[in-house]
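Heads up: the sequence shown begins at 1 in full-length UniProt numbering, then just goes up one per residue. Glycine included, each C-beta is placed from N, C-alpha and C at the ideal position. Given the structure is predicted, the values throughout are model-derived calculations rather than measurements. I have placed the structure first, in the form of structure tokens, so that the comments after it can refer back to it.
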Amino acid sequence: MFRMFNRHRGDPAVVESDAEHLFAGEWFEIAEREHDYMLEILPPLWMRADMFAMREFMTDNVTSIFFALLVDGRKRFFHAYCNLFDKGSVERMRAAIIARESRPAKAMTRDERLEHIWSSTHDDYRGYAGKGWPAPLQGRRTVLVYCGGLGTVLKPLCDLTD
Numbered sequence: 001m002f003r004m005f006n007r008h009r010g011d012p013a014v015v016e017s018d019a020e021h022l023f024a025g026e027w028f029e030i031a032e033r034e035h036d037y038m039l040e041i042l043p044p045l046w047m048r049a050d051m052f053a054m055r056e057f058m059t060d061n062v063t064s065i066f067f068a069l070l071v072d073g074r075k076r077f078f079h080a081y082c083n084l085f086d087k088g089s090v091e092r093m094r095a096a097i098i099a100r101e102s103r104p105a106k107a108m109t110r111d112e113r114l115e116h117i118w119s120s121t122h123d124d125y126r127g128y129a130g131k132g133w134p135a136p137l138q139g140r141r142t143v144l145v146y147c148g149g150l151g152t153v154l155k156p157l158c159d160l161t162d
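Here it is as structure tokens:
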């Protein structure tokens, strides 16, 4: 769970304190014990029947929301980042999680696959394109990939193919 919290570490936007777009709207499933642990760390900013918000904000407006949701008759636990200045963002997030997790299992979209690759790649094998890259690619996410005869190559995440 904590690795997922820090998955944008190193992004130039985080360094420049302009990372709201990286976090707001993201969510992932967690275990019940992780949900309960986070509830015990600090008193929540607010609490409702199936959710609570952390007091510490990731950015000026974005904080962690923890959900305990009934999905297909089973209680499941999720963490999400919501912009609390956007009225309704928490309820929209709750609805989006339930809608995504309730639908029949489908293949992931391309964007979901890329996010999964990014999240599951160890920090040593991923990063952000720096000054040595062409200007349009600077700041984009990169991953090390094995390209057969070429060996290991650093590629922009968005350029990966099936």
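For residue i, three-class secondary structure by DSSP
{"i": "Gly127", "result": "strand"}
{"i": "residue 174", "result": "This structure gives no information on residue 174, because the portion of the chain shown stretches from 1 to 162."}
{"i": "Cys147", "result": "coil"}
{"i": "Leu39", "result": "helix"}
{"i": "Trp46", "result": "strand"}
{"i": "His116", "result": "helix"}
{"i": "Arg74", "result": "strand"}
{"i": "Arg55", "result": "strand"}
9 Å Cβ cutoff, residue i in contact with chain C
{"i": "Ile30", "result": "Note that chain C does not occur in the displayed structure, where there is just one protein chain."}
Integer-rounded CB distance, given that residue j should sit under 8 Å from residue i
{"i": "Leu150", "j": "Thr142", "result": "Actually they do not touch by this definition, with Cβ atoms about 16 Å apart."}
{"i": "Arg100", "j": "Phe67", "result": "At roughly 12 Å, the Cβ-Cβ gap does not stay under 8 Å, so Arg100 and Phe67 are not in contact."}
Alpha-carbon spacing of residue i relative to residue j, whole angstroms
{"i": "Tyr81", "j": "Lys87", "result": "14 Å"}
{"i": "Asp72", "j": "Asp124", "result": "38 Å"}
{"i": "Ala31", "j": "Pro136", "result": "39 Å"}
{"i": "Leu144", "j": "Arg110", "result": "19 Å"}
{"i": "Phe2", "j": "Lys75", "result": "Annotation note: pLDDT 49 at Phe2 (below 50); position unreliable, no value reported."}
{"i": "Gly139", "j": "Glu40", "result": "36 Å"}
{"i": "Pro134", "j": "Arg33", "result": "45 Å"}
{"i": "Gly148", "j": "Thr63", "result": "42 Å"}
{"i": "Gly132", "j": "Leu45", "result": "43 Å"}
Nearest neighbour of residue i, chosen from the options [CA to CA]
{"i": "Trp27", "options": "Leu70, Ala129, Leu160, Phe77", "result": "Phe77"}
{"i": "Glu29", "options": "Arg110, Ser119, Gly127, Ser89", "result": "Ser119"}
{"i": "Leu84", "options": "Ile65, Thr109, Leu70", "result": "Ile65"}
{"i": "Glu115", "options": "Thr152, Glu101, Leu160", "result": "Leu160"}
{"i": "His35", "options": "Phe52, Trp46, Leu45", "result": "Phe52"}
{"i": "Ala49", "options": "Tyr37, Asn61, Leu69", "result": "Leu69"}
{"i": "Thr152", "options": "Gly132, Arg126, Lys131", "result": "Arg126"}
Residue range of the unbroken alpha helix (DSSP H) whose run includes residue i
{"i": "Glu29", "result": "It is not in any alpha helix (DSSP H) - Glu29 instead sits in the beta strand (DSSP E) that spans 27 to 30."}
{"i": "Arg94", "result": "89 to 102"}
Enclosing beta strand (DSSP E) for residue i [first to last residue]
{"i": "Thr152", "result": "152 to 156"}
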